[in-house]
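Mapping of the sequence shown onto numbering that gives the first Met the number 0: residues 0 to 449, in sequence order.
Note that the Cβ used here is the ideal one computed from N, Cα and C, for glycine as well.
These numbers were taken from a predicted model, which means no experiment stands behind them.
A short worksheet on the structure shown next.
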Amino acid sequence: MELETYLSGLQGKRVAVIGVGVSNRPLIDLLLSHGVQVTACDKKADLGAYGDELRQRGCRLQLGSDYLRDLNQDLIFRTPGIRPDLPEFRGARLTSEMEVFFEVCPCPKIAVTGSDGKTTTTTIIAKLLEAAGKRVHLGGNIGHPLLSETPDIRPEDVAVLELSSFQLMTMRQSPEIAVVTNISPNHLDVHKDYAEYIAAKENIFTHQSAGDLAVFNADNDVTLAESGRAPGRVRLFSRRREVSDGVFLRGADIVSRRDGRERVVMSVSDIRLPGVHNVENYMAAVAAVDGMVSDEIIRNFAREFAGVEHRIELVRTRNGVRWYNDSIASSPSRTMAGLRSFPEKVILIAGGKDKGISYEALGPVVNDHVKYLILCGATAGVIRQSVEQAANYAGLPIVEVDDYPSAVQTADGVAKSGDVVILSPASTSFDRFANFMERGNVFKELVRAL
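Right, here's the structure in full:
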């Protein structure tokens, strides 16, 4: 279906858009520009100048604490962060910007999900395809909303998408190529339980056809089990064993095996990004683009690519001390992967908002990889407890501070030449910041001001 056809079908219908943040504004603009009757709903009581602009364009606003009251529209666009089973939505026809994009996108789609590594893997896939001469449209949980850009997308292009569990919860279509980097407990402050979180992630491949491809992490128990339920072709990637169809590590070589033949694609030493988790990200990407991108392009790209902002991002080196921003690490597993990226013990700044997951596994890794721990935020106590109760606790120095300026000053005071300081919170940012990007940017400003 073309976008124009879809929008024509909304003529005379009443449509609500839940959430008037930046990601939904192109959607609201698109609907209004095609004469659709739109009610924009947001828990903010005042949208300022943007709200005035919407009213002038004929958009009805429903704001404040009762923003979900009396929703009787013909169609409701749900923002990813809000559950689809709220009582206010009962009986309503729900959709989302991403679900509609899947309906109207004219080109093949490659989508990536996972608890960790999905943004880096998505970025690697997109940039590899671009380097191979493809016209790529990057969106989903990364980049920007793509629905309004659909008229500019050609059938020979490729859409590369990062999809969160919230976006996938109600998806009824899957991409032609699906990648699942890994699955571990996450976002349990929003999902009912771990089973629901896993079920949401599975929507990335459950609606595929026999001719589609799904890529899974063979080293993760959940994703390995999922691979047996994929309806199309399955490729695996693994650091720990050789797989019959997929990408694996043999010594220092990354090897691809497909159709009974194998070849060395690259060496681990070709990867500029630190950490074994980035080796996994590359293996996942190679498994997805195999046959579309030459090995030479992959090697050349890996040697140059310095990573995505807020993901073990080198902020500066000062007096021999390297400062890294890993603000994306909003879960213990993400922080654990970051800590394992460095051969030396680091000075760690951690803490934030709890999202209902266990910190027990974090403690032993912190004791093994951290020389000085600085805690800040609502989870400071639970992280300290996980460290001090771990069997390998040997008196690691732990300091709790009130804010990020104090955390940075404390780290600067104890760091010596050759040390690494890393912000890797193991928690969400919502106790103090709008999102992990704001958190990372504040940290970077403080470090650069030293």
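- Whole angstroms is fine: what's the gap from Ala-287's alpha carbon to Thr-180's? Their Cα atoms are separated by approximately 11 Å.
Check: Helix, strand or coil for Gln-10 per DSSP?
Finding: Note: Gln-10 maps to coil in three-state DSSP.
Item to complete: Would you mind stating whether Leu-74 and Arg-92 have Cβ atoms separated by less than 7 Å?
Response: At a Cβ-Cβ threshold of 7 Å, Leu-74 and Arg-92 count as neighbours.
(Q) Is it buried or exposed, Arg-234, if we count other Cβ atoms within 10 angstroms and call 16 or more buried? (A) For Arg-234, the number of other beta carbons within 10 angstroms of its own is at least 16, and it is reported as buried.
Decide if Ala-393 is buried, meaning its Cβ has at least 16 other Cβ atoms within 10 Å, or exposed.
-> Residue burial is scored here from C-beta neighbours: Ala-393 has fewer than 16 other C-beta atoms within 10 angstroms and is therefore classed as exposed.
(request) In angstroms with no decimal places, state the Cα-to-Cα distance between Lys-12 and Thr-118. (result) Straight-line measurement puts the Cα of Thr-118 at about 36 Å from the Cα of Lys-12.
Of the residues Gly-439, Ile-297, Thr-334, Glu-308, the one placed nearest Asp-269, counting alpha carbons only:
Comparing Cα-Cα distances from Asp-269 to each of Gly-439, Ile-297, Thr-334, Glu-308, the minimum goes to Ile-297.
**Prompt:** Where Ala-158 and Ser-114 are concerned, what is the direct C-alpha to C-alpha distance, given to the nearest angstrom?
**Reply:** Approximately 21 Å between the Cα atoms of the pair.
Among the residues of its own chain, which have a CB less than 8 Å from the CB of Cys-106, if the five just before and after it don't count?
Only His-136, Ile-152, Arg-153, Pro-154, Glu-155, Asp-156, Val-157, Ala-158 meet the Cβ criterion.
- Item | Cβ pair Pro-86, Phe-165 closer than 7 Å | The Cβ-Cβ distance between Pro-86 and Phe-165 does not fall below 7 Å.
Would you report the Cα separation of Ala-377 and Lys-352, rounded to the nearest angstrom? The straight-line gap from Cα to Cα measures roughly 5 Å.
Discussion item. To test your reading of the DSSP string, which unbroken alpha helix (DSSP H) runs of 4 or more residues are found completely within the stretch 357-401?
Written reply: Segments of the alpha helix (DSSP H) lying fully in the stretch 357-401: 361-368, 379-387.
Q: Helix, strand or coil for Glu-98, going by three-state DSSP, please let me know.
A: If DSSP states are grouped into helix, strand and coil, Glu-98 belongs with the helices.
With distances taken between CB atoms, is the gap from Ala-414 to Val-407 smaller than 7 Å? Result no, Cβ atoms of Ala-414 and Val-407 do not sit closer than 7 Å.
Notebook entry, point to check: If you draw a straight line from the alpha carbon of Ile-346 to that of Asp-418, how long is it in whole angstroms?
Noted result: Annotation: Ile-346 to Asp-418 spans about 7 Å, alpha carbon to alpha carbon.
Start-to-end residues for the beta strand (DSSP E) that takes in Glu-161: Boundaries of the beta strand (DSSP E) harbouring Glu-161: 157-161, taken from the DSSP string.
ask   = Counting Cβ pairs closer than 8 Å, one from the stretch 22-34 and one from the stretch 61-73, do we hit at least three?
value = No: the two stretches stay apart, fewer than three of their Cβ pairs being nearer than 8 Å.
query: Would you report the Cα separation of Met-282 and Glu-98, rounded to the nearest angstrom?
result: In a straight line, the C-alpha of Met-282 is about 28 Å away from that of Glu-98.
For Ile-176, write down the residues that DSSP places opposite it in a beta bridge. Assignment of beta-bridge partners to Ile-176 by DSSP yields Ile-109, Leu-212.
Q. With 16 as the cutoff for other CB atoms within 10 Å, does His-143 come out buried or exposed?
A. By the neighbour-count definition (other C-beta atoms within 10 Å, threshold 16), His-143 is an exposed residue.
### Message
Tell me the rounded alpha-carbon separation between Tyr-49 and Met-436.
### Response
One Cα belongs to Tyr-49, the other to Met-436, and the distance between them is close to 23 Å.
Beta-carbon proximity list for Leu-361, same chain, < 7 Å, skipping 5 on both sides: Cβ within range, chain order: Pro-331, Thr-334, Met-335, Ile-382, Ser-385, Ala-425.
Exercise for review: Report the three-state DSSP secondary structure of Ala-414 (helix, strand or coil).
Suggested key: Correct three-state label for Ala-414: coil.
> Nearest to Ser-357 by CA position, among His-368, Cys-375, Leu-372, Ser-329, is which residue?
Replying inline: Comparing alpha-carbon positions, the option among His-368, Cys-375, Leu-372, Ser-329 lying closest to Ser-357 turns out to be Ser-329.
- Would you identify the three-state DSSP class for Met-291, choosing helix, strand or coil? Of the three classes helix, strand and coil, the one that applies to Met-291 here is coil, per DSSP.
Close Cβ partners of Val-278 (< 8 Å) along its chain, the five nearest in sequence each way excluded: Only Arg-238, Leu-248, Ile-253, Val-267, Ile-270 meet the Cβ criterion.
Under the three-state reduction of DSSP, which class applies to Asn-454: helix, strand or coil?
Past the boundaries of the shown model lies residue 454; the chain is included only from 0 to 449, so the question cannot be answered.
Consult DSSP for Ser-332 and reduce its assignment to one of helix, strand or coil.
-> When secondary structure is reduced to three states using DSSP, Ser-332 falls in the helix class.
Separation of Phe-300 from Ser-163, as counted between CA atoms
Going from the Cα of Ser-163 to the Cα of Phe-300 covers about 26 Å.
In angstroms, rounded to a whole number, what distance separates the CA positions of Asn-280 and Arg-56? C-alpha separation (whole angstroms): 45 Å.
Q) Would Asp-188 be called buried (16 or more neighbouring beta carbons within 10 Å of its own) or exposed? A) So Asp-188 counts as exposed.
Review point. In terms of alpha-carbon separation, which member of Arg-228, Tyr-193, Ala-390 lies closest to Lys-354?
Key: Cα-wise, what sits closest to Lys-354 is Tyr-193.
Measure the alpha-carbon distance for Ser-243 versus Glu-175 and round it to whole angstroms. Cα to Cα, the separation comes out at about 21 Å.
Practice task
Tell me, to the nearest whole angstrom, how far the beta carbon of Val-446 is from that of Val-314; I am working on the premise that it is less than 8 Å.
Solution key: In this structure, Val-446 and Val-314 form a Cβ contact; the two beta carbons are roughly 5 Å apart against a cut-off of 8 Å.
- prompt: In the DSSP assignment, what are the bridge partners of Gln-61?
  reply: DSSP lists Cys-40 as partners of Gln-61.
* Under 7 Å between the Cβ atoms of Lys-200 and Thr-120? -> Taking 7 Å as the cut-off, the beta carbon of Lys-200 is found no closer than this to the beta carbon of Thr-120.
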